[in-house]
Amino acid sequence: MDTTVLQLHTGQTLVTDITSEVANFVSGKNDGLVNIFVPHATAGVALIETGSGTEPDLADALERILPVEDIYRHQHGSLGHGRDHVLPAFVSPSISIPVIDGRLALGTWQSAVLIDPNGDNPDRKVRLSFLPG
Amino acid sequence: MDTTVLQLHTGQTLVTDITSEVANFVSGKNDGLVNIFVPHATAGVALIETGSGTEPDLADALERILPVEDIYRHQHGSLGHGRDHVLPAFVSPSISIPVIDGRLALGTWQSAVLIDPNGDNPDRKVRLSFLPG
Amino acid sequence: MDTTVLQLHTGQTLVTDITSEVANFVSGKNDGLVNIFVPHATAGVALIETGSGTEPDLADALERILPVEDIYRHQHGSLGHGRDHVLPAFVSPSISIPVIDGRLALGTWQSAVLIDPNGDNPDRKVRLSFLPG
Chain S
1 MDTTVLQLHT GQTLVTDITS EVANFVSGKN DGLVNIFVPH ATAGVALIET GSGTEPDLAD
61 ALERILPVED IYRHQHGSLG HGRDHVLPAF VSPSISIPVI DGRLALGTWQ SAVLIDPNGD
121 NPDRKVRLSF LPG
Chain X
134 MDTTVLQLHT GQTLVTDITS EVANFVSGKN DGLVNIFVPH ATAGVALIET GSGTEPDLAD
194 ALERILPVED IYRHQHGSLG HGRDHVLPAF VSPSISIPVI DGRLALGTWQ SAVLIDPNGD
254 NPDRKVRLSF LPG
Chain A
267 MDTTVLQLHT GQTLVTDITS EVANFVSGKN DGLVNIFVPH ATAGVALIET GSGTEPDLAD
327 ALERILPVED IYRHQHGSLG HGRDHVLPAF VSPSISIPVI DGRLALGTWQ SAVLIDPNGD
387 NPDRKVRLSF LPG
């Protein structure tokens, strides 16, 4: 299997666009599925529009579901870190995108992003894997 | 890769059952995975029971997470359109279903559905792709 | 396709760790993707850390989104069963994990778990399928 691991510095950033890295990975391949996989217990991946306000709107929605308060049993790390551990149940760390003739079959407004609320762990890995069709 | 794009008219309908279209696509194939992919930034796909009240229950749950109010930075479109752009972070636009001997390995009560809160965009595409096992 | 069905007794337990079962299934295989699929309309699969408090934190988050109250149109089963049917829209019943040289490419703190709020149905199936890369 053609697979690689990206090394990302996310710092305190909730949403990191990785579309170009994924597009580069599949470039030159034929048809298939590319799987994006985050090997961390406090992050997920998603396909959203970036740059038009959805990043802070997502942050607000997460606050409604998983508020940054001292309400979690999971007690390691900074205030609210417990919620980071619940996030992957809702924002999966694994997503697959069809690849047609070496290009991501994304819609016009879709970008592949890492969703990482965990500022305590500023460096992240993302594994990309290509399955031929 | 065996892949096709469905053209759907969803109009103002939140939940559109596409099980029969997906079943038809995999009919006659052998074993593998079928990937359902929505190339839009304001819709997702899910596997739920249909016809027993879950559609309006889902609408209510979305209203708790993403209320239709003027609270979003994303300001294009109708009131609440900003929330449509957050939805795919929680209801992924990509899901894969095992196929056994040309049949979807769904449970008795599972239907494949498009979740589309975006009434501003009444026509939608859904890509189906078959990966042989 | 190499595929098998696990038979699990979840009883009243919300989170059931199936990492070792999935690891055993892929052991000895080469590279590829393993798909975990729950053929039920009231359960999902996720990758989370177990044993550090995230299980009850997840239960609390589900209660915020899908409270166990008499508010659902879906009226079969015990109080709150209607919410069990909405859960799979948010916690997908399908997830894929990369396999490298017969081992799950999970992060240190990731466990594969069944999320099953439905105490009315104590016995569950989970299908594992391996796609070669």
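Residue numbers (this note's numbering), protein chains in the order written: chain S, 1 to 133; chain X, 134 to 266; chain A, 267 to 399. Cβ coordinates follow ideal geometry from the N, Cα and C atoms, glycine included.
By the rule that beta-carbons nearer than 9 Å mark a contact, residue 28 (chain S) does not touch chain A. The Cβ-Cβ distance between residue 103 (chain S) and residue 26 (chain S) falls below 9 Å. For residue 248 (chain X), no CB of chain S lies under 9 Å from its own CB, so it is not counted at the interface with that chain. Contact of residue 331 (chain A) with chain S by beta-carbon distance below 7 Å involves 65. By the criterion of at least three beta-carbon pairs nearer than 8 Å, the segment 29-44 of chain S is not in contact with the segment 187-206 of chain X. Residues of the same chain with their beta carbon placed closer than 6 Å to that of residue 337 (chain A) are lacking, with the five preceding and five following residues left out of the count.
For the segment 166-185 of chain X, the set of residues with a beta-carbon nearer than 7 Å to any beta-carbon of chain S comprises 168, 170, 172, 173, 174, in chain order. For residue 247 (chain X), there is no enclosing alpha helix (DSSP H); the enclosing beta strand (DSSP E) has its first and last residue at 244-248. Taking the beta carbon of residue 89 (chain S) as reference, the chain A residues within 7 Å of it are 312, 314, 324, 357, 381, listed in sequence order. Three or more Cβ pairs drawn from the segment 244-261 of chain X and the segment 140-154 of chain X lie within less than 8 Å of each other, which places the two stretches in contact.
Residue ranges of uninterrupted beta strand (DSSP E) with 3 or more members, entirely inside the segment 309-379 of chain A and ordered along the chain, are 310-314, 360-366. In this structure, residue 48 (chain S) and residue 111 (chain S) form a Cβ contact; the two beta carbons are roughly 6 Å apart against a cut-off of 8 Å.
Around the CB of residue 382 (chain A), 16 or more other CB atoms lie within 10 Å, so the residue is classed as buried. For residue 262 (chain X), the neighbours in chain S by C-beta distance under 7 Å run, in chain order, 33, 98, 133. Setting aside the 5 residues that flank it on each side, residue 217 (chain X) is surrounded in the same chain by 175, 250, 251, each with a C-beta closer than 6 Å to its C-beta; the list follows chain order.
Leaving aside the five residues that flank residue 32 (chain S) on each side, the residues in its chain whose CB is nearer than 6 Å to its CB run, in chain order, 99, 130, 131, 132, 133.
Rounded to whole angstroms, the separation of the alpha carbons of residue 139 (chain X) and residue 28 (chain S) is 26 Å.
Closer than 9 Å to the CB of residue 282 (chain A) there is not a single CB belonging to chain S.
When secondary structure is reduced to three states using DSSP, residue 118 (chain S) falls in the coil class, being assigned neither helix nor strand. Interface residue (Cβ-Cβ distance to chain S less than 9 Å): residue 278 (chain A) is not classified as such. Straight through space, the alpha carbons of residue 1 (chain S) and residue 229 (chain X) are spaced by roughly 19 Å. Between residue 319 (chain A) and residue 375 (chain A), the alpha-carbon positions lie close to 13 Å from each other.
In its chain, beyond the 5 residues on either side, 68 have a beta carbon closer than 6 Å to the beta carbon of residue 80 (chain S). By the C-beta density criterion, residue 270 (chain A) is exposed, having fewer than 16 other C-beta atoms within 10 angstroms. Excluding five sequence positions before and after residue 17 (chain S), the CB atoms of its chain that fall closer than 6 Å to its own CB belong to 50, 111, 113, given in chain order. Annotation for residue 360 (chain A): 303 place their beta carbon closer than 6 Å to its own, counting only its chain and skipping 5 residues before and after.
Between residue 154 (chain X) and residue 259 (chain X), the CB-CB gap stays under 9 Å. Looking at the DSSP output, residue 398 (chain A) bridges to A:298. Per DSSP, the unbroken beta strand (DSSP E) holding residue 270 (chain A) starts and ends at 268-275. Judged by DSSP secondary structure, residue 15 (chain S) falls within the beta strand (DSSP E) whose first and last residues are 15-17. Ranked by Cα distance from residue 206 (chain X), the options S:76, S:57, S:105 are led by S:57.
Residue 327 (chain A) is a Cβ neighbour of residue 86 (chain S), given a cutoff of 9 Å. For residue 341 (chain A), the chain X residues whose C-beta falls within less than 9 Å of its own C-beta are 185, 186, listed in chain order. Taking 9 Å as the cut-off, the Cβ atoms of residue 39 (chain S) and residue 289 (chain A) do not count as close. By DSSP's assignment, residue 259 (chain X) forms a beta bridge with X:139. Inter-residue distance for residue 30 (chain S) and residue 325 (chain A) is about 43 Å (C-alpha atoms, whole angstroms).
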